[in-house]
Each structure stands twice: as structure tokens, then as C-alpha cells.
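Single-structure report; data block below.
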Amino acid sequence: MDLSQALETVSRSDAGMVRSHNEDSVYLNPALGLAVLADGMGGYNAGEVASGMVTTLLGSELEKAFGRQEPQLQGNDGQRRAHDLLEQEIARANHAVYQAAQSQPQYAGMGTTLVMALFYDNRMTVAHIGDSRLYRLRGEEFLQITRDHSLLQEQIDSGILTPEQARHSQNKNLVTRAVGVDPTVEAEIHDYETSPGDIYLLCSDGLNDMVEDEEIGMTVQMLSANLELAATQLVQMANDNGGRDNVSVILVRIKGEYPAPRGLTGWLGRLLAWFK
Amino acid sequence: MAKLILSMDGMQLKEIPLAKERITIGRKPHNDIQIDNLAISGEHAVIVTILNDAFLEDLDSTNGTQVNGQPIKKHFLQNGDVVELGKYRLKYLKETPQQAAQADFEKTMIIRPEMMPKPAEQGGEKAMPAQPLEMAPPPQPPSPPVLPRGALQVLTGTNAGKELELTKTLTSLGKPGVQVAVITRRPHGYFITHVEGAVFPSVNGKQLDAQAHPLQDHDIIELAGTKMEFFLKS
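Residue numbers (the working numbering), protein chains in the order written: chain A, 1 to 276; chain B, 1001 to 1234.
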């Protein structure tokens, strides 16, 4: 099923004002309903190799996989197929980056964060590793959906730091999970219902470290009629505030319902539509 | 590396670098910072450093610990904080920004559980030192020039005469669904951009395209049938 009628998508990725190259990677496939963003790390250009590998691998492998089976189907364990498939493909991508880092000296120690959303059947499955984020704007409410896998988040969770204090911490850069640094990685995967009008923002920490959440939310809301402009504006705000890191954003707007065709109903529906 | 400056009655006594993950303060000799004074408890307080952040915790001392005049149990130390224990003062100083920049603290790194320093309450455990990293210092971002505050004055229509200060990063103008433009405040000036609607706004009688257009003092904006003057307040 082609979702490009139900979803409006736009992405931007920028090196920022300080870094000489961009180690972030983004991948969009509106027909498949897939958005992937990765923030690479590691010396020289290894960071962009890691993030590029992960976005490309996930994009191509999921495209192949969904040619064979529909994501909304439920497996024996009651989980949606999408859930398992994401888990499986992230594990494979992790393995590929890990192998490359082990076998090529110039890639030693490379890794990447990951945040991705797969839209199907009026819902989405979100997977993330590290401190790249997904936010949701629904009506007036702008909410951070993912929770960072970072030292700072762990300190907030255990009560060492308040979120307010965390803004002044010098330890913003430390992630506790990343793709490609160990033979296996645990992705955090959750399913959410979507509704028409929702806008989803996937971003690297180059945005949310430079621009306050409140400001990000206000921008997405105020420019919601023009996603291209909203994406450009978000990157510009990060750069105007110093742009100390690469900054990448993906915006996805739910334009309408996108229920998956279901068995006979889907087939019947198509037949009826043909008679009209 | 951050450090503490110990003083009493305005006399500087000692400079103590925070070289260890855990630095204890107290009257007894086994403390890292020993203050031999009866107002100080045997084990008075501890400073736990987690990479670049330092936390002060009072160890249920008899006379308590204050930071900047406020009694604390636990405190996230900020540059310039003054810790008071009885008549003694410890000033907490972070490394200067230039030195900090050399560590390139913005660069994302993975921290593994085994090298994660343990928070204060779990106590005692030795954490492995973080790996040294070789990185070039990033250039300092240029400090933006101070931008005079911009404002709009409505010239026509029912709101004629009204003034709107452009204090936010983004100010939207017009009617959603009909015609909307947005004014962005950037470090080097104000810009107007078309957001939605079939008709684009015009500035000084000239219609805009999809690009952001810089606003000059006394520019006349026309949007959804209303004229407004943009001006800079000195």
C-alpha cells in the first residue's frame, strides 16, 4: 500500500556552523511510510560511514521485506509484524556496522544513534537507540515521545539531576547505547496510534541541544501549514544559536487516515470500487 | 579540571583540584580535604565528580553545609558556587571555556556501563577513568551583535495604530487558511517569509517570492489587505 497520499514528509540535514562535515544521515520513503535518522560518531569520516550504512541498510532491507509481507499483520506472539521486522533489521544493521568497525582500522570505534518511525494502518512503530529524538505535535501539545539513552537521562531518572539542572550539564554528549559499537544492541521499540493532523519530528541532538523544546514546538506549530519552511527554520534556529553540532530534522504530517486493507474487506472494497 | 579554593575570613588557604571521582571533606585525618575545626563533622561532606559535572552532598553533618547561603543536602555545583562549612568557604571553579573547549564536550560519544561513574548514593565503587580523547578545539561561535528590538505598527483596518513588539523568534501574521506570513528574529536582523495562502505578502509594494526577505527600518508590509510598518526601536 502506497502511503504517500496520507503522509507529507520533508527532511533537512546540515553540517552546522562549527563542524567541517556532516555525520548525520537521513532516509525517507513516503510510499513505504518510513523515516530514518542517524547521528554518527567516530574519528575522521567514520561517523558518517556508520550513520550512512544504517540508514541505507534499513531503508533497502525494509523495502524488500515489505514487498513480501504487510507490516500490520500479527505474528504468533500477538506483536505486529512491523515490530519484529524492525528489531530484526536493526540487529542486522548493527552487525554490519560492528563488522566494518572491527575489520577496517579507519572505522574502529565508529557508531551511530538511530531514531526511526514506520507508519502503517493508522499507527506507527518507533524504534530508537541513543539520543536522537522523536517528538509529536498533536493540536497544541508538543511532546517528546522517545527517551534518550544517555548519561544525562539516567541521571534525571535516578533523581541526581532535575531536568532544569540537566540543561546546564557538561555531559550532554554521552550516549549509553549506540548502533555498531557492540556485537548486539537493544533497540527501544514502541507502537503508537496516529491521528490525522499529527506532525512528527525526528531530530538529531544538534537541534534539541541548541534550541529549547518550547521553541521547537512553537516553530512546528506556527509553520505547520508549510513543512518545508518549518524544517528550514528549525535548522536555521540551531545554526543561529551557534550550530555547534550537525543538525538534521525529518517532519512527517499525517494528512488523512491510512487503514491497511484487511483480507476480504480489502478485496471486496476494491471490487466495489471497480463497480462504481 | 575543576578546582576548589579553600578560604577562611577572606584568607585563601589552599587550592584543591578535583582530581578524583570522590573527594571527602571532614575533620578526621582520612578525609581528602581535612579541616581541623570542631564546627566540622568527622565526615562532613563529599564531592562526587561525574566526568564534567560535580555534585556536593552533605553527609548528615552536625552543623550542615551551605551553598551560596542556602543549606543543602545535595547540590549540583555550578561555576562560582561558594560552599560554606562553619567559618570555612570553598569556592568551586570550573575550567575556563577555552580549556573546556579543548575537550570538545559537544562531540557525541558512547559511554559504556563499565566506565560509568557511580552516583554518590551508591558510594565507594571505583569507576574506570573515561578514555582520553584526541580532538581539535572547535572555533568559538562568533557572538552575535546586539539587535535592536523590532516592532510593527498597524497602519490600516480595524487595528490601525496598534503596535506589536517582535520579541519572539517567530511571530506569525495573517489568518490561518487564508494568508499567513511569519517574521523571524535572527542574530543579524528580521526577516519576513510567506507561509501559506495563494497570495504572497508584499514589502514596499513589491510582492515577495518564497524566499525569506530581510526587513529594513520603516519597511511597509502588506498582508491580507492590511498595511503595517516595520521599525526598529533604538
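All C-beta atoms in this analysis are idealised placements derived from N, C-alpha and C, irrespective of residue type, glycine included.
Check, Outcome
"Examine chain A for any beta-carbon lying closer than 9 Å to the beta-carbon of residue 1046/B, and answer yes or no.", "no"
"Identify whether residue 90/A lies in helix, strand or coil by the three-state DSSP scheme.", "helix"
"Does DSSP put residue 176/A in a helix, in a strand, or in coil?", "coil"
"By DSSP's criteria, residue 1200/B is part of a beta bridge. Which residues make up the other side?", "According to DSSP, which records beta bridges pairwise, residue 1200/B is partnered with nothing at all."
"Could you check how far apart the C-beta atoms of residue 217/A and residue 110/A are, in whole angstroms? I think they sit under 8 Å.", "About 33 Å separates the two Cβ atoms, so there is no contact after all."
"Residues in the same chain with beta-carbon distance under 7 Å from residue 1202/B, minus the five sequence neighbours each way, listed in chain order, please.", "1208 and 1222"
"Look at the alpha carbon of residue 172/A and the alpha carbon of residue 1055/B, and state the distance between them as a whole number of angstroms.", "16 Å"
"Taking residue 8/A as part of the beta strand (DSSP E), name the residues at either end of that continuous run.", "7 to 14"
"Residues of chain B with CB closer than 9 Å to the CB of residue 175/A, please, in chain order.", "1108, 1109, 1110 and 1111"
"At least one CB of chain B closer than 9 Å to the CB of residue 168/A: is that the case?", "yes"
"Which residues bound the alpha helix (DSSP H) around residue 166/A?", "163 to 166"
"On the three-state DSSP scale, how would you describe residue 216/A?", "helix"
"Could you tell me whether any Cβ in chain B is nearer than 9 Å to the Cβ of residue 41/A?", "yes"
"Rounding to the nearest angstrom, what Cα-Cα distance links residue 259/A and residue 121/A in this structure?", "4 Å"
"Apart from the five residues just before and just after residue 17/A, which ones in its own chain have a Cβ nearer than 8 Å to its Cβ?", "239, 242, 243 and 244"
"Could you check whether the region 96 to 116 of chain A touches the region 3 to 12 of chain A, counting it as contact only if at least three pairs of C-beta atoms, one from each stretch, sit closer than 8 Å?", "no"
"My assumption, with CB atoms under 8 Å, is that residue 53/A sits in contact with residue 47/A. Please give the rounded CB distance.", "Actually they do not touch by this definition, with Cβ atoms about 11 Å apart."
"If I measure Cβ to Cβ from residue 1184/B and keep anything under 6 Å in the same chain, skipping five residues before and after, which residues do I get?", "1170 and 1191"
"Whole angstroms is fine: what's the gap from residue 203/A's alpha carbon to residue 1031/B's?", "46 Å"
"Within 9 Å of any Cβ in chain A, is that where the Cβ of residue 1050/B sits?", "yes"
"Which residue or residues does DSSP assign as beta-bridge partners of residue 1189/B?", "1186/B"
"Closest Cβ-Cβ distance between residue 1120/B and chain A: below 9 Å?", "Only weak support is given to the placement of residue 1120/B: the predicted model assigns it a pLDDT of 39, under 50, and the value that follows is read from those uncertain coordinates. Closer than 9 Å: yes."
"On a CA-only basis, which of 139/A, 147/A, 228/A and 137/A is nearest residue 129/A? Give me that one, please.", "147/A"
"When DSSP builds the beta bridges, which residues end up paired with residue 1075/B?", "1056/B"
"Here's the rule I'm using: 16 or more other beta-carbon atoms within 10 Å means buried, otherwise exposed. How should residue 133/A be labelled?", "buried"
"Going by Cα to Cα distance, which pick from 1043/B, 1050/B, 1058/B and 1070/B is closest to residue 154/A?", "1050/B"
"Got a sec: is the Cβ-Cβ distance from residue 186/A to anything in chain B below 9 Å?", "no"
"Find the residues of chain A that neighbour residue 1053/B, judging by a C-beta separation of less than 7 Å, and give them in chain order.", "169, 170 and 171"
"Under 9 Å, do residue 2/A and residue 206/A count as touching if we go by C-beta distance?", "no"
"Measuring CB to CB, does residue 231/A end up less than 9 Å from residue 249/A?", "yes"
"With distances taken Cα to Cα, identify the nearest neighbour of residue 1167/B among 1220/B, 1189/B, 1108/B and 1011/B.", "1189/B"
"Count the other CB atoms, across all protein chains shown, that sit within 10 Å of the CB of residue 1045/B; report buried if there are 16 or more and exposed otherwise.", "buried"
"Are three or more beta carbon pairs between the region 16 to 35 of chain A and the region 1001 to 1009 of chain B nearer than 8 Å?", "no"
"Is it right to say residue 199/A is buried, meaning 16 or more other beta carbons lie within 10 angstroms of its own, or is it exposed?", "buried"
"If you compare alpha carbons, which of 190/A, 211/A, 185/A and 253/A is closest to residue 90/A?", "185/A"
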